[in-house]
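Heads up, the thing below is written out as structure tokens.
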Amino acid sequence: MRGLHRSRADRGQSNVVGVALLLGITVVALGVLTASIGLAVDAGTGAADAARVGDDVDDALRPVEVTGEHVGAVRATDGQLRTVARDVRVLNDSGTVARLEADALVYETDGQRVAFLAGGVVRGEGSGARLVTEPPVVASPDGSVLVVGVATLGADRTTVDFAGEPVRLRTNVTHERRALGPGEYRLAIETETPAAWRSYFRDLGATVTDRDLDGDGVDSVVATFPDERTAYLVVHALDLEVGGA
417 MRGLHRSRAD RGQSNVVGVA LLLGITVVAL GVLTASIGLA VDAGTGAADA
467 ARVGDDVDDA LRPVEVTGEH VGAVRATDGQ LRTVARDVRV LNDSGTVARL
517 EADALVYETD GQRVAFLAGG VVRGEGSGAR LVTEPPVVAS PDGSVLVVGV
567 ATLGADRTTV DFAGEPVRLR TNVTHERRAL GPGEYRLAIE TETPAAWRSY
617 FRDLGATVTD RDLDGDGVDS VVATFPDERT AYLVVHALDL EVGGA
């Protein structure tokens, strides 16, 4: 009988331990699930913000369509908007024909990135970066003409943190067209998202290399267009102001 009592007691103790372990495992599992849901929500919010910012920037900065004053707004729940130094160069066999301080407007949050550069809008980073708005560069299929349109921001170095309010983008757009004459041309775009630009230039029929042309640690995607072409440079100067009333 005493052995039987001990067996029942052991079983009771084992049940208590089993329940405690089960509760502990459940709590840990719920914690992991909650953390995973939190990360998924943050990632979804970041992606939604990046998509919204891409659309807003595309609407606010329209270098080809707009002349004169224009006001747009960028909306996001979180993240940072800043201007960074970026150069665009047009080169021929003799060297650099034109060097433009185009600069870029960059938005970043939660691993998401959107950048307006030279008239194009790039979303994403690394090999996943893609042009969601193409720059105003035209290379005729017959190899006779190259039109290089470049939007320049002309903005002071600015960093703005989103805090629930839209950020205004004011521009006063002017256009200047310059004939470069016949020749064999290359176009170099300084960028931290080279994959998107390489793909774009290859689609235009150019061969592409990467080079750090000024030694600042940021490579330029250099597109070499085949054949001798008559080239034109069209500068769309935005005179951008970020923020403010």
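Residue numbers (the working numbering): 417 to 661.
Where a beta carbon is used, it is the ideal one built from N, C-alpha and C, also for glycine.
So, under 8 angstroms CB-CB, residue i and residue j are touching, yes? Tell me the CB distance rounded to an integer number of Å.
i      : j      : result
Thr483 : Leu569 : Wrong, their Cβ atoms sit about 17 angstroms apart, outside the cutoff.
Gln496 : Thr575 : 6 angstroms
Ala622 : Val566 : Not really, about 16 angstroms apart at Cβ, beyond 8 angstroms.
Pro642 : Gly527 : Between Gly527 and Pro642 the Cβ distance is about 38 angstroms, and since that is not below 8 angstroms, they are no contact.
Tyr648 : Asn508 : About 13 angstroms separates the two Cβ atoms, so there is no contact after all.
Measure the C-alpha to C-alpha separation of residue i and residue j and round it to an integer number of angstroms.
i      : j      : result
Asp503 : Glu581 : 31 angstroms
Ala445 : Ala611 : Bear in mind that the predicted position of Ala445 carries a pLDDT of just 48, short of 50, making it too unreliable to give a figure here.
Thr646 : Arg593 : 14 angstroms
Val476 : Leu654 : It is Ala, not Val, that sits at residue 476 in the sequence shown. Taking the straight line from one Cα to the other gives about 11 angstroms.
Ser615 : Arg546 : 8 angstroms
Glu644 : Asp577 : 47 angstroms
Gly599 : Val522 : 34 angstroms
Gly540 : Asp471 : 14 angstroms
Arg397 : Val473 : The question about residue 397 has no answer here: the residues shown for the chain are numbered 417 through 661.
Gly511 : Ala464 : 43 angstroms
Leu656 : Val589 : 9 angstroms
Asp494 : Ala466 : 10 angstroms
Leu629 : Gly488 : 34 angstroms
Pro557 : Glu485 : 35 angstroms
His591 : Ala531 : 22 angstroms
Val443 : Ala579 : With a pLDDT of only 48 at Val443, under the threshold of 50, the placement of this residue in the model should not be trusted, and no figure is reported.
Arg478 : Gly631 : 31 angstroms
Ala571 : Ser636 : 21 angstroms
Mind checking whether residue i and residue j have CB atoms under 9 angstroms apart?
i      : j      : result
Val564 : Val506 : yes
Thr549 : Val537 : yes
Val583 : Arg468 : no
Arg638 : Leu603 : Note on identity: in this sequence residue 638 is Val, with Arg being the wrong assignment. A contact, by the Cβ cut-off of 9 angstroms.
Ala514 : Leu533 : no
Leu562 : Val651 : no
Arg573 : Ala501 : yes
Val658 : Leu585 : yes
Secondary structure at residue i, three-state DSSP: helix, strand or coil?
i      : result
Arg491 : coil
Asp626 : strand
Ser615 : helix
Val566 : strand
Ser556 : coil
Asp577 : strand
Gln510 : Per the sequence presented here, residue 510 reads as Ser, with Gln not at that position. Coil, per DSSP.
Ala476 : helix
Pro642 : coil
Ala482 : Residue 482 is actually Val in this sequence, not Ala. Coil at Val482, not helix or strand.
Val469 : helix
Pro610 : helix
Leu654 : coil
Ala464 : helix
Counting only C-beta atoms, is residue i closer than 9 angstroms to chain D at any point?
i      : result
Pro552 : The structure shown contains no chain D, having only a single protein chain.
Compare the Cα-Cα distances from residue i to each of the options and report the closest residue.
i      : options                        : result
Arg627 : Asp643, Phe641, Pro642, Thr607 : Thr607
Val554 : Ala463, Glu657, Val480, Ala466 : Val480
Gly535 : Pro642, Ser636, Ile605, Asp630 : Ile605
Ser543 : Ala531, Thr609, Glu657, Ala567 : Thr609
Leu620 : Leu649, Pro551, His591, Gly631 : Pro551
Thr640 : Ala571, His591, Trp613         : Trp613
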